[in-house]
Amino acid sequence: MLIWFYSLLSVTIVSLISLVGVFTLGIKEKSLNKILIYFVSFSAGALLGDVFIHLIPEVFRNGATTYTSLYFLTGIFVSFLIEKIIYWRENHSSSILGSKVKNFAYMILYGDGVHNFIDGLAIGASFLISIPVGVATSIAIILHEIPHEIGDFAALIHGGLSKRKAIYYNFISALTSIIGTVVALLLNQQINGINKFLIPFATANLIYIAGTNLIPVLHKEKQFRKSFIQIFTFMLGIAIMYGLLIVG
């Protein structure tokens, strides 16, 4: 019961991060982008730190096999497939319906809903390992969600939604993370040993997010000073995950 409490509390906090965009309304876009890029590097370090310091050691502690590698690959493939479907639907619906802006906004919401569901799986699977590991994963996901949700909020407004609708729909799509956590916890109760699949699968999703969505953005920066700050914040994210391991 304690695992359920902490899992649902953590995933609810993650869902509430979707409302962070409302606090950026008075900030100029140029100033906001300068801040967000360092949040991106920080969250990339935190995600990878959580993966390699907390989650993967637990996978191997339980006895890794060839199937474990297949579970990792399945997680990466599913994440890749989801993004391909989202991009295909975005382009396909835009060309057929002729309402590119509106469909773009709803494709963002659809994609967010799916990714948030998998984030929820990761949170649930992490708490099944232990509460400290669950807390570490939740923090890593929160750090990733802050710049992600701010960017989505701006994109939804640009896509034609009013500020009120952008906040509302973005929050609704974030609630799928709660469903993901509940599914992970229920599967653990119903299927013996399901965690041997869930943890590698969810871990692979976090690796995919950091490797394909976050780090490529950082490579666009060419200035030495800004690049140095990115490297520092990236390492800081990893250091925090290591600190949580020591404290836990």
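In the working numbering, the protein residues as written are 476 to 723.
Glycine residues also receive a C-beta, built at the ideal position from the N, C-alpha and C atoms.
Look up Thr-759 in the DSSP assignment and say whether it is helix, strand or coil. One cannot answer for residue 759 here, as it falls past the ends of the chain, which runs 476 to 723.
Cβ shell of Ala-641 (< 6 Å), same chain only, five flanking positions each side left out: Phe-628, Leu-631, Ile-632
Around the Cβ of Ile-653, are there at least 16 other Cβ atoms within 10 angstroms (buried) or fewer (exposed)? buried
What did DSSP end up calling Ile-721 once you bin it into helix, strand or coil? helix
Throw me the rounded Cβ distance for the Gly-609 and Tyr-717 pair, which I believe falls under 8 Å. So it is not a contact: roughly 17 Å between Cβ atoms.
Using 8 Å for Cβ pairs, my map puts Leu-618 next to Gly-712. What's the rounded Cβ distance? 7 Å
Near Lys-638, what residues of its chain come up, given a Cβ to Cβ distance below 8 Å and the 5 sequence neighbours on each side ignored? Val-497, Leu-500, Ile-632
Would you give the residue range spanned by the alpha helix (DSSP H) that Phe-606 belongs to? It should be pointed out that residue 606 corresponds to Ile in this sequence rather than to Phe. Here the alpha helix (DSSP H) through Ile-606 covers 606 to 633.
Within a Cβ cutoff of 6 Å, which residues of the same chain sit near Asn-591, ignoring the five residues on either side of it in sequence? Ala-649, Thr-651, Ser-652
With distances taken Cα to Cα, identify the nearest neighbour of Ala-580 among Ser-613, Gly-626, Val-658, Leu-556. Selected option, being the one with the closest Cα: Gly-626.
What runs of the alpha helix (DSSP H), each 4 residues or longer, lie entirely inside the segment 635 to 706? 638 to 649, 651 to 665, 670 to 683, 690 to 693
Nearest to Glu-696 by CA position, among Ser-613, Tyr-513, Ile-674, is which residue? Tyr-513
Three or more C-beta pairs under 8 Å: does that hold for the segment 601 to 615 against the segment 665 to 684? Short answer: they touch.
Ends of the alpha helix (DSSP H) at Leu-477? 477 to 491
Report all residues from its chain with a CB closer than 7 Å to the CB of Val-495; omit the five preceding and five following residues, and keep chain order. Within the same chain, Ile-621, Glu-624, Ile-625 come within 7 Å of Val-495 by CB-CB distance, once the 5 residues on both sides are set aside.
Does DSSP put Leu-603 in a helix, a strand or coil? helix
Where Val-657 and Phe-699 are concerned, what is the direct C-alpha to C-alpha distance, given to the nearest angstrom? 45 Å
Coil, strand or helix - Ile-502 by DSSP: coil
Using a Cβ-Cβ cutoff of less than 7 Å, which residues in the same chain neighbour Phe-676 once the five nearest sequence positions on both sides are dropped? Tyr-546, Thr-549, Gly-550
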